[in-house]
Amino acid sequence: MSTLDQLVYMANQIARELGSQCPDRPVAATRDHLHQFWDPRMRQAIVAYLDRGGEHLSDIARSAVAQLRETAERAD
Amino acid sequence: MAWIGERDLGTKAIAAAAPTMVTVRIDGQDVAVPEGTSIMRAAALIGTDVPKLCATDTLEAFGSCRLCLVEIDGRNGYPASCTTPVADGMVVRTQTDRLAKLRRGVMELYISDHPLDCLTCSANGDCELQDQAGAVGLRDVRYGYEGRNHLVADKDESNPYFTFDPAKCIVCSRCVRACDEIQGTFALTIEGSGFGSKVAASQNDSFLESDCVSCGACVQACPTSALIEKSVIETGTPDKAVITTCAYCGVGCTFRAEMRGEQLVRMVPWKDGKANRGHSCVKGRFAWGYANHRDRILKPMIRASVEDPWREVSWDEAIAYTASEFRRIQAKYGKDSVGGITSSRCTNEETFLVQKLIRQGFGNNNVDTCARVCHSPTGYGLKTTFGTSAGTQDFDSVAQADVIMVIGANPTDGHPVFASRMKQRLRQGAKLIVVDPRRTDIVRTPHVAATHHLPLRPGTNVAVLTAIAHVVVTERLADEAFVRERCDWSEFEDWAAFVAQPQRSPEATEALTGVPAADLRAAARLFATGGNGAIYYGLGVTEHSQGSSTVMAIANLAMATGNIGREGVGVNPLRGQNNVQGACDMGSFPHEYSGYRHVSDAATRAMFEQAWGVTLDAEPGLRIPNMLDAATDGTFKALFVQGEDILQSDPNTHHVAAGLAAMECVVVQDLFLNETANYAHVFLPGSTFLEKDGTFTNAERRIQRVRKVMEPLNGYGDWEIVQLVANAIGLDWRYSHPSEIMDEIAALTPTFARVSYDALDRLGSLQWPATEAAPEGTPTMHIDHFVRGKGHFVVTDYIPTDEKTGPRFPLLLTTGRILSQYNVGAQTRRTDNVVWHPEDRLEIHPHDAENRGIRDGDWVSLRSRAGETTLRALITERVAPGIVYTTFHHPATQANVITTDYSDWATNCPEYKVTAVQVAISNGPSDWQQAYQAQTERSRRVLPEAAE
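Protein sequence lines correspond, in order, to chains A and B. Going by the working numbering, the first sequence opens with residue 8, and the numbers climb by one from there. Going by the working numbering, the second sequence opens with residue 81, and the numbers climb by one from there.
Following this line, the structure appears as structure tokens:
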């Protein structure tokens, strides 16, 4: 599995778990997890993947990564 | 036997919180002792040692040697003082003419059948028989020495660490009782009767071939040299002792390192050790010879390419080269292109310094530790639910448990000293539930049998725990009063509604978990209603794609049944390595400072910035697998690895190797040229736990001192080496002793606020949090409230792993460890422990073996989607059909060639416990194994040091 494939797999895995753990805020929970535990280059890579279409991201993961991108843009 | 300087009060203390005191007069002196205390112990407490041979204060009184007779006013005869309890107003005489005559008579009988070779005996000067002969005034043996005797009996030297000489044995049964009462193996017995009585191991086997687990309890208990360490025979008796802490598993046994000069003679478990209470296992007790093994590297080495041979260099050159490489690489590739790994085998002070080096010196948070691959889900799961990334109890707590649930742990092999304490409680009547795919030894062992063994299919922990919770909730067995008071009630209601769904029931999940529903229901009822329920778990919980979810499911169950916040209950992770708890506590994770505070927390970061005089990175760094990914992607170029062998211990060896090979500088600081060092450019020789001061923190959050007993053979303690590197890259560290590092930790870490070397020396140990409110530490956590406030229930939906069996890979592999070996085996493989486990074997069920034409001992290939290796088969019903199991102690096997990249969703802890594999007959080592062996030999070439 390439590093990007690995990141997409991990994002979906996190989204799937937090989707059941936090049914009222799955996207925010996933975004927060990525923000708290992923190194910036990993976050940049997954955001770049979303920018290219993010084909294999689940719905929750896709929305969470989109929020990550917004957070990063605001920080810039 | 116990060291000559250690006092033995003859019988155990009375274990009662508020005992009734009685006063007894002994030899004219009054003494008040707890009711039930023996006369022998009461006398010893006022300094009167009644002669004894079969009595020792680590064992129940036995009353067989008849040497400890006393006279009691108003009573006939001469009762044994070891078995006679004091009574209020009792008047006792321990020394009269009549008693002296009786004792001399008894001693004459013993000595008439004992070799009179005291001057050449290995226990000369440290022999209780010798001492007692003197104490009773023995001057003659009227029976002579020519009668029937045992003096020509054969000596058993089969065990690599101790000998049994029947000629020296006085058949006091102390060894047998130690094996029964303390260790709980019941390997020894007294065979025969009368004059023919003799100590026998198992069915009269040699010690090596018997059921003996070489814990050393029998040797420690022996009053003569009948059972004695070979190291004492070879070296002589010790003349001083230093209290220190074992460097093997997370139990954290404390030992007396008994020395003669600077030479270590033996390690003897310390009776006052609060983790081990005077017991030990074969590793800590005997397997310390690696410290002087010929493989140990004592001089620094460097090489420009991993294809080159190593070149021995001075410390100055090695340190300067390391610093220049890290600075060069950061200048070229950016500050985030480097990082490091702290060691769970090193001290708290050393791990603190490595993470400080990375944060302060390298300017990033790319630091991780081996907990990544073991208990990182414990940190995440318990912090989420309870608010603290650690277990809730001390080990003493198990003595108050009524129902013990062991999940995914094999304590008799992995945590043997704690297992012995657990077995003591089980023999007293506590019930046992084991949740494990394998029929581990604890399921059925002498005088212990699990009430329920739930042999779940690997990877279904969450489904099983949720099904247990289903029974608790739907049968209204939850402790609602506890939950209402201590937890968030609305979260509990959500969780209860979830687990109560019909599809979570034992019956609905039986097909996927493999656990019979009736057994699971019965186990759930027992846990919820059986009194104090304590959960102990290990890597069979954490090393899964749902490791963190399983930890939270365990926490849910403990909260729902009210089993938190008092002795005898709790959630207890059995930590793997000696200081894995401490390494986590010390800020070794890339998102946390010491004390588990996130790097993004501005107030915490400001405190560290002020202390360290630099601006710190607010972003989390890379975890170990992410470092390796980044390396293969070209953004991570240098790694500092202290005391960790990621090539052997981490999953998917091919991927680890590719990551390491992609780096421009890998620094390995270790005792030996380990497997990771095959890819290293700098080797900095490390020091053993015997050669430095510091602290380890065990699985019960107990901080204990490691004390230097000899000078480091390599020249420096590991903390000094890190300091040299730090100063070479421009920092200004001035630690002159590890105690100063601990002072800094305490100043920067609220849970360590009252920890200091002075406090540790005064109290023996401290369990964090040690704060103003709890200056002597916290044995039991969450007593009145959870650290996070209200206990947090988390819905844990079962999500199957993506690692699937199928036609190509029809079996499931799970991995683990064995009693005699430790982790990657770097230490234990360099001791005589290899006699018990010279190679990794593949356990396979007879049905699966027969289907493949495999016989016991055959070479088999073990293949997964990640890789292939070969090893020999061990056919056993310990594993269920469809499951195979192996250990990962030997690099020749490299079991992690097989394991995959799948990992825990929250922490990236690898899914070691579930790998789909195929097994087939093989002719011998695989092509990969042969190529790896050749690479290893090539990589370990060392050129002689150039003349300076």
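For glycine and all other residues, C-beta sits at the position ideal for the given N, C-alpha and C.
When B:GLY127, B:LEU182, B:HIS359, B:ASP516 are compared, the shortest CA-CA separation from CYS145 (chain B) is found for B:LEU182. Distances from the CA of TYR616 (chain B) to each of B:VAL563, B:HIS532, B:ARG655 were compared; the closest alpha carbon is that of B:ARG655.
The beta carbons of SER456 (chain B) and TYR982 (chain B) sit no closer together than 7 angstroms.
The Cβ atoms of GLN749 (chain B) and GLN722 (chain B) lie closer than 7 angstroms to each other. When Cβ-Cβ separations below 7 angstroms define contact, VAL486 (chain B) makes no contact with chain A. Contact holds between the segment 539–546 of chain B and the segment 872–888 of chain B, because three or more Cβ pairs, one in each stretch, are under 8 angstroms apart. Contact of THR10 (chain A) with chain B is assigned, a C-beta pair being separated by under 7 angstroms. Note on LYS884 (chain B): under 16 other CB atoms within 10 angstroms of its CB, so exposed under the neighbour-count rule. When 7 angstroms is used as the limit between beta carbons, ASP823 (chain B) is near no residue of chain A, the shortest such separation being about 30 angstroms. A straight line joining the alpha-carbon of ALA591 (chain B) with that of PRO961 (chain B) spans about 15 angstroms.
DSSP places CYS259 (chain B) within a helical segment (H, G or I) once states are collapsed to three. HIS495 (chain B) and GLU856 (chain B) have their alpha carbons spaced roughly 26 angstroms apart. Look at the segment 416–489 of chain B and you find these whole runs of alpha helix (DSSP H), each 4 residues long or longer: 428–436, 456–465. With a cutoff of 7 angstroms on beta-carbon distance, PRO731 (chain B) and PRO990 (chain B) are scored as near each other. For THR733 (chain B), the enclosing alpha helix (DSSP H) covers residues 733–741. Contact check for ILE191 (chain B) against VAL221 (chain B) passes: the beta carbons are separated by less than 7 angstroms. In this structure, the straight-line span from the alpha carbon of GLY353 (chain B) to that of ASN794 (chain B) is close to 30 angstroms.
DSSP places LYS278 (chain B) inside the beta strand (DSSP E), whose first and last residues are 278–281. Using a 10 angstroms sphere on the CB of ASN156 (chain B), the tally of other CB atoms stays under 16, which defines it as exposed. Taking a C-beta cut-off of 7 angstroms against chain A, the contacting residues of the segment 693–712 of chain B are GLU699, PRO700, GLY701, LEU702, ASN706, ASP709, ALA710, THR712, listed in chain order. Out of B:PRO705, B:ARG346, B:PHE498, the CA that lies nearest to the CA of TRP45 (chain A) is found in B:PRO705. Of all C-beta pairs linking the segment 108–125 of chain B to the segment 243–258 of chain B, fewer than three are shorter than 8 angstroms, placing the two stretches out of contact. ASP665 (chain B) and GLY933 (chain B) have their C-alpha atoms roughly 50 angstroms apart.
For ILE323 (chain B), the enclosing beta strand (DSSP E) starts and ends at 320–325.
Annotation note: the segment 946–1013 of chain B contains the following uninterrupted beta strand (DSSP E) runs of length 3 or greater, listed N- to C-terminal: 948–955, 963–967, 995–1001. Distance from the CA atom of SER65 (chain A) to the CA atom of ARG945 (chain B), rounded to whole angstroms, is 25 angstroms. Annotation: the continuous beta strand (DSSP E) that includes SER845 (chain B) extends over 845–847. CA-to-CA, the gap between VAL915 (chain B) and ALA561 (chain B) works out to about 54 angstroms.
Comparing alpha carbon positions, the residue from B:GLY185, B:LYS993, B:ASN229 closest to LEU619 (chain B) is B:LYS993.
Note on the segment 483–534 of chain B: whole alpha helix (DSSP H) runs with a minimum of 4 residues are 491–494, 496–507, in chain order.
The DSSP assignment places 362–366 as complete runs of the alpha helix (DSSP H) inside the segment 335–392 of chain B, in order along the chain (cut-off: 4 residues).
Within chain B, the residues whose beta carbon sits less than 9 angstroms from that of ARG23 (chain A) are ASP877, ILE879, TRP985, listed in sequence order. Below the 9 angstroms Cβ cutoff, chain B contributes no neighbours of PRO33 (chain A), its closest Cβ being approximately 12 angstroms away. Between the beta-carbon of CYS295 (chain B) and that of ARG365 (chain B) there is about 7 angstroms, and that keeps the pair under the 8 angstroms contact cut. With a beta-carbon spacing of about 7 angstroms, GLY896 (chain B) and TYR965 (chain B) fall inside the 8 angstroms limit used to define contacts. In the three-state DSSP reduction, SER70 (chain A) falls in the helix class (H, G or I).
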